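I have placed the structure first, in the form of C-alpha cells, so that the comments after it can refer back to it.
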Amino acid sequence: MSFLTALRQYASKADPSSLPTSVLFTHTANSLTIFDAFPKATFHFLVLPRARPPLTVFELASLRTLLKGDKQRARQTIQALAEDAKQVRAMIEEEMVSRYGFKWEVWMGFHAVPSMEHLHLHVISSDLCSPSLKTKKHYNSFHPKLGFFLSLDDVLSWFDADPTFYSTMSVLKPTQYEPLLKETLSCWRCGRDFKNMPTLKAHLQEEWDKEAEREKTKAANKKRKHGSENSADSNSERDEHAPKRLQTGRPAPADSEEID
DNA sequence: GTTCTAGAAC
DNA sequence: GTTCTAGAAC
C-alpha cells in the first residue's frame, strides 16, 4: 500500500476495528486515531476524520480542501475532531503520570502542508524526543512558534474571525509555508540556535530531563505539604511490565508488514 | 512519508 | 577521516 493513500484507506473503513492493533488506537463515530508510524515524540498519534456521508474523501483530502468547501461543515468536522482528540490527549496524560510520574504538554495541530493525503490532526507530546525525529524538516514541522504547525485552537479561531481573515488563512499555499521548514534550528523552549540535528536533539533531551526533574520535585513537595509520605519514589524506573500499548513503543505489527 | 548516499561541513 | 545534510528514488 502506498503511503500516499494509506490514511484515506483507513478513514474509509466501514469498520475501523478491523484494522491491525498496531495501527489503530481508538475510534468513534466521527474519527479514528492511529499510531503515527514514525513517532516524532514519546507520544504521537494521528486523528483522522472518517469518510462517512455527507463527508467525502475529496473534501477530507486536506485542511486546504476542507476549508475551501462549505464553511459550517468544515467547522463541524474540525470541532468533532477536536472533541475526539481531547479524549486521546487525556489518555496520553494518564499514561504520562502512570509511567513517568508527571505530565507535560501535548500539542494538537495540523501541518500547513501535509505530506500524506487525508486530513490528519497530530496529537504529539512536546518533548520531541524520538529516534524517528531525524531531520530539520521533521523538527521545524512541529515547532510551535514557527508557523508551519497550525495549532488546533488557532484553526478553530479562524472560523470566528473576520471572513476575509478566514479566506486568507484557508489558502494554505505550499510555497508560503515550505520555506519555514528550512529555517535555522532553534529550541522551541529557550530559543537557542543549533548548527545541526544531533546537537539540537541532545539539547531537547536535556530540556525534557530538566522539566521532569522540576515537575517531580513539585509533585513531591505537594505531597509533603499534604502530609502523605507513603507513596513510591517518583524517580524510580518503572519500565518492566507491559508498556501499555498507548505508548510510543507500540506493539510489533501483528502481521508481517507494517502499513504506511 | 522513508531510505540511501554523495559530497559538504567540520 | 568522520559526521551530517539534503536530494533522488521509492
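As numbered in full-length UniProt numbering, residues 1 to 260 make up the first sequence, in order.
Even glycine gets a Cβ: it sits at the ideal position worked out from N, Cα and C.
Keep in mind it's a predicted model, so treat the numbers as computed, not measured.
Inter-residue Cα distance where the pair is residue i and residue j
i, j, result
"Ser22", "Gln87", "19 Å"
"Glu83", "Thr175", "31 Å"
"Pro54", "Pro20", "27 Å"
"Lys216", "Lys103", "10 Å"
"Met91", "Pro198", "31 Å"
"Ser151", "Pro144", "8 Å"
"Ser115", "Asn140", "14 Å"
"Tyr100", "Glu213", "11 Å"
"Lys137", "Arg224", "44 Å"
"Asp239", "Glu95", "Note that Asp239 scores 46 on pLDDT, short of 50, meaning its location in the model is unreliable; the coordinates nonetheless yield the value given after this. For Asp239 and Glu95, the distance between alpha carbons rounds to 12 Å."
"Arg89", "Ala6", "23 Å"
"residue 271", "Asn221", "The chain is shown only over 1 to 260; residue 271 falls outside these bounds and no answer can be derived."
"Gly191", "Asp127", "15 Å"
"Gln79", "Lys195", "39 Å"
"Lys71", "Met169", "13 Å"
"Ala14", "Lys218", "47 Å"
"Glu183", "Glu93", "31 Å"
"Lys68", "Ser98", "42 Å"
Assumed close pair residue i, residue j - CB separation to whole angstroms, cut-off 8 Å
i, j, result
"Leu185", "Leu204", "10 Å between Cβ atoms; not a contact."
"residue 262", "Asp36", "The requested residue 262 does not occur in the structure, where the chain is confined to residues 1 to 260."
"Ala74", "Leu81", "The Cβ separation is near 11 Å, so there is no contact."
"Arg8", "Leu172", "The pair is not a contact, with the Cβ atoms about 19 Å apart (cut-off 8 Å)."
"Gly147", "Leu180", "5 Å"
"Ser132", "Pro16", "At roughly 24 Å, the Cβ-Cβ gap does not stay under 8 Å, so Ser132 and Pro16 are not in contact."
"Glu178", "Leu4", "Contact flag wrong, Cβ pair sits at about 18 Å."
"Arg50", "Leu32", "6 Å"
"Ala41", "Cys129", "6 Å"
"Ala11", "Leu60", "7 Å"
"Ser125", "Phe43", "4 Å"
"Leu121", "Ser62", "Not a contact, Cβ separation roughly 12 Å."
"Phe159", "Phe149", "Not confirmed; about 19 Å, so no contact."
Residues bridged to residue i (per DSSP)
i, result
"Val123", "Phe45, Met108"
"Ser151", "Gly109"
**Asked** Counting only runs that start and end within the segment 93–121, where is the beta strand (DSSP E) found for 3 or more residues in a row?
**Response** If one requires a minimum length of 3 residues, the beta strand (DSSP E) runs lying completely within the segment 93–121 are 106–111, in chain order.
**Asked** Counting pairs of beta carbons, one from the segment 151–168 and one from the segment 208–218, are three or more of them closer than 8 Å?
**Response** Not touching, per the Cβ criterion.
**Message:** Quick check on the DSSP output: what are the complete alpha helix (DSSP H) runs of length 4 or more inside the segment 6–74, in order along the chain?
**Reply:** Those alpha helix (DSSP H) runs which fall completely within the segment 6–74 and span 4+ residues are 6–12, 63–68.
**Message:** Three Cβ pairs or more, each shorter than 8 Å: is that satisfied between the segment 136–156 and the segment 103–113?
**Reply:** With the cut-off at 8 Å, the segment 136–156 and the segment 103–113 touch.
**alpha helix (DSSP H) runs wholly inside the UniProt domain "Aprataxin C2HE/C2H2/C2HC zinc finger" (146–210), at least 4 long, in chain order** = Counting only runs of 4 or more, we get 152–158, 163–170, 174–177.
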